[in-house]
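Protein chains in written order, with the working numbering: chain A, 10 to 242; chain H, 10 to 242.
To start, the structure under review is shown below, and the notes come after it.
There are 2 protein chains.
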Amino acid sequence: MTAEVCLSPILVDQFDMRGKNVVIIDIFRATSCMVTGLCNEVDRIYPVASVEECLRLGGEGMIMAGERGGQKIEEFDIGNSPFDYLSEQVRSRRVAVTTTNGTQAINKSEDAYQIIIGAFLNLAATVNYLVRQDLDVILHCAGWKGTINLEDTLFAGAVLDSLGDRVQLKDDACQLARSLYRDHQDNLLGIAKQSGHAARLAKFGITRDIEFCMTQNTYDEVVVMRENYLSKL
Amino acid sequence: MTAEVCLSPILVDQFDMRGKNVVIIDIFRATSCMVTGLCNEVDRIYPVASVEECLRLGGEGMIMAGERGGQKIEEFDIGNSPFDYLSEQVRSRRVAVTTTNGTQAINKSEDAYQIIIGAFLNLAATVNYLVRQDLDVILHCAGWKGTINLEDTLFAGAVLDSLGDRVQLKDDACQLARSLYRDHQDNLLGIAKQSGHAARLAKFGITRDIEFCMTQNTYDEVVVMRENYLSKL
C-alpha cells in the first residue's frame with residue numbers, strides 16, 4: 010500500500026487517482042461537518058459545486074447548507090458549522106452542501122476508486138478502513154482557495170503516522186505532512202489555531218468550531234461517496 | 010519583515026512578489042551549482058528557459074550548461090553538477106544555463122524587487138543579507154516538475170529557522186517548512202537522501218553531488234540576479 014499527499018487541489022493534475030482510495034480533507038470545516046452530520050442521523054449529503062445547484066436541490070426538499078468565504082449563504086437553511094449538523098433540523102434529512110474548498114476537492118477526485126471523507130472526528134475509523142481495503146491511497150487536502158493549509162496537512166500527517174510501516178510514502182509531500190504532525194502531535198489544537206484559516210474563522214467568532222473539528226475519534230464510522238452523495242459506510 | 014513560502018512554481022500565481030526579496034531554491038542542483046560557480050570565479054551565469062537559447066549563447070562564446078530530466082544535454086559543455094562548476098574550464102567565463110526546474114522558478118519571479126539564489130552552501134550569508142535588507146521575503150521552491158520536494162522545503166525551513174523572531178510567518182507553508190527542518194535538522198543529509206529527487210539522481214550515480222549540495226556554509230557570498238544574469242553581490 011502506497012500513499013501520496015496532494016497538498017492543494019491546484020496540484021491535483023500530478024496525481025493518477027484511478028484504482029486508489031482518495032481521502033478528502035477539509036478540516037475547517039467541510040469534511041468535519043460531513044462526518045458530524047452523517048454520524049448524527051443526517052440521511053445523505055449531496056456535495057455540489059454551485060450555490061445555484063444547492064438552491065435547486067433545496068426546491069426538491071433538501072436542506073441547503075454551505076458557505077462562501079467562511080460565511081453562511083443568506084438563503085440557505087444552515088451554514089458550515091459542525092454544530093449546524095447536530096441540530097434537530099437536519100435529522101433524517103438529505104442535505105445539499107456547497108463550500109469554498111471541500112466540494113471542489115471532491116469534484117476533482119472523481120477518478121478515484123473510492124472517495125472517503127476524512128476528519129479528526131473519525132480518524133481512527135478511517136485509518137482502519139484504509140488498512141482493511143489495502144489499496145493505494147491519495148490524501149487530498151482541500152486547502153484554502155488553492156493555498157496549502159496547516160490543518161489539512163496535519164490530518165494527512167496523522168493518517169500517515171497512524172498507518173506507520175503498513176504504508177510506503179510515495180512522494181515528498183508525505184514526509185512533509187508526517188513531519189508536521191510529529192512536530193506538533195502533542196498540541197494539535199495549538200498549531201491548528203495558528204493556521205491562517207483558523208484566524209479567518211476566528212474573525213467570525215467561531216473558535217468553538219475549531220476546537221470541535223480538532224477533536225479526535227468522537228465518531229467510529231467511515232464516510233464515503235456513493236454515486237452522487239455521501240453516507241456512512 | 011514577513012515571509013511566505015511558495016512550495017512549487019505551480020502555486021506562484023498566489024504570491025505578489027512586488028517589492029519583495031525572492032529567494033530561488035533548487036538545492037538538487039541548479040541553485041547549488043550557481044552558488045558554487047560564482048563563488049569559484051565563474052564571471053556571470055545567464056539562466057535561460059530553453060536549450061535553443063543556451064545554444065545561441067554558446068555560439069557567442071559562453072559555456073553551455075544544463076540538464077533535462079537530470080542528465081547533461083549532449084551538445085553542452087557541462088551538465089548540472091556542482092563539480093562541473095569547480096573545473097578550470099569555467100573559470101572567469103560566462104555560463105549560459107538551462108535546467109528543468111530552477112531556471113523556470115527564476116523566470117516566474119521576475120516581479121520581485123530582487124532575486125536571490127539560495128543554497129545550503131551559502132545559507133548563513135543569504136540569511137544575513139535578508140536581515141540587512143529587511144524587506145518582506147518569498148522563499149520560492151523550484152520543486153520537481155511541479156511537485157513539492159523535500160530538499161527545497163528543508164532549505165526554506167532552514168532560512169525561517171535562522172531568521173527566528175526577526176520574521177513574521179505569513180502563510181501556513183512557512184510553518185510546514187519550518188517544522189520539516191526542525192524535525193530533521195540533526196540529520197539533513199539523511200532526510201534529503203530520502204527525497205524522490207535524490208533517488209532519481211542516485212540512479213545517475215551522482216550521490217556525491219547530493220552530499221556536496223547539503224553541505225552548509227562552504228561559501229560566504231550572496232548571489233543575486235542583475236538584469237539578465239547572476240553574479241556575486
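Yeah, the Cβ is synthetic: ideal placement off N, Cα and C, and Gly gets one too.
For Leu198(A), the enclosing alpha helix (DSSP H) has its first and last residue at 197–202.
Within the same chain, Cys15, Lys117 come within 6 Å of Val21(A) by CB-CB distance, once the 5 residues on both sides are set aside. For Gln184(A), same chain residues with a beta-carbon under 7 Å away, outside a window of 5 residues either side, are Leu178 in chain order. By the neighbour-count criterion, in which 16 or more other beta carbons inside 10 Å mark a residue as buried, Leu239(H) falls on the buried side.
Along the stretch 187–199 of chain A, the positions whose C-beta sits under 8 Å from a C-beta of chain H are Ser188, Leu189, Arg191, Asp192, His193, read in chain order.
Within the same chain, Cβ atoms closer than 7 Å to the Cβ of Glu76(A) are found at Ile82, Gly88, Asn89, Thr108, Thr109, the five residues on either side in sequence being excluded.
Per DSSP, the unbroken alpha helix (DSSP H) holding Thr135(A) starts and ends at 132–142. If you draw a straight line from the Cα of Arg102(H) to the Cα of Gln225(H), it is about 26 Å long. The beta strand (DSSP E) runs lying completely inside the stretch 83–135 of chain A and spanning 3 residues or more are 103–107, 123–127, given in chain order.
Taking 7 Å as the Cβ-Cβ cut-off, the stretch 162–188 of chain A approaches chain H at Thr162, Asp180, Asp181, Ala182, Gln184, Leu185, Ser188, given in chain order. Between Ala134(H) and Glu50(H), the C-beta spacing is not below 7 Å. With the criterion set as a beta carbon lying under 8 Å from some beta carbon of chain H, the stretch 102–114 of chain A has no members that meet it. Where Glu62(A) is concerned, the enclosing alpha helix (DSSP H) starts and stops at 60–68.
In the DSSP annotation of this structure, the continuous segment of the alpha helix (DSSP H) that includes Ile219(H) starts and ends at 216–222.
Contact between Gly152(A) and Asn158(A) holds: their C-beta atoms lie close to 5 Å from each other, under 8 Å. Residue burial annotation: Asn131(H) is buried, with at least 16 other C-beta atoms found within 10 angstroms of its C-beta. A straight-line Cα-Cα distance of about 40 Å links Asp161(A) and Phe92(H).
Among the residues facing chain A, Asn158(H) is included, as its CB has a counterpart in that chain under 7 Å away. Ser41(A) sits buried, since 16 or more C-beta atoms from the chains shown fall within 10 Å of its C-beta. Using beta-carbon distances, Gly75(H) does not count as an interface residue toward chain A, since no partner is under 7 Å. At a cut-off of 7 Å between beta carbons, Ser118(H) makes no contact with chain A.
Between Ile115(A) and Asn30(A), the gap from beta carbon to beta carbon reaches 7 Å or more. Not a single C-beta of chain H is nearer than 7 Å to the C-beta of Ser41(A). DSSP lists Leu239(H) as the beta-bridge partner residues of Met234(H).
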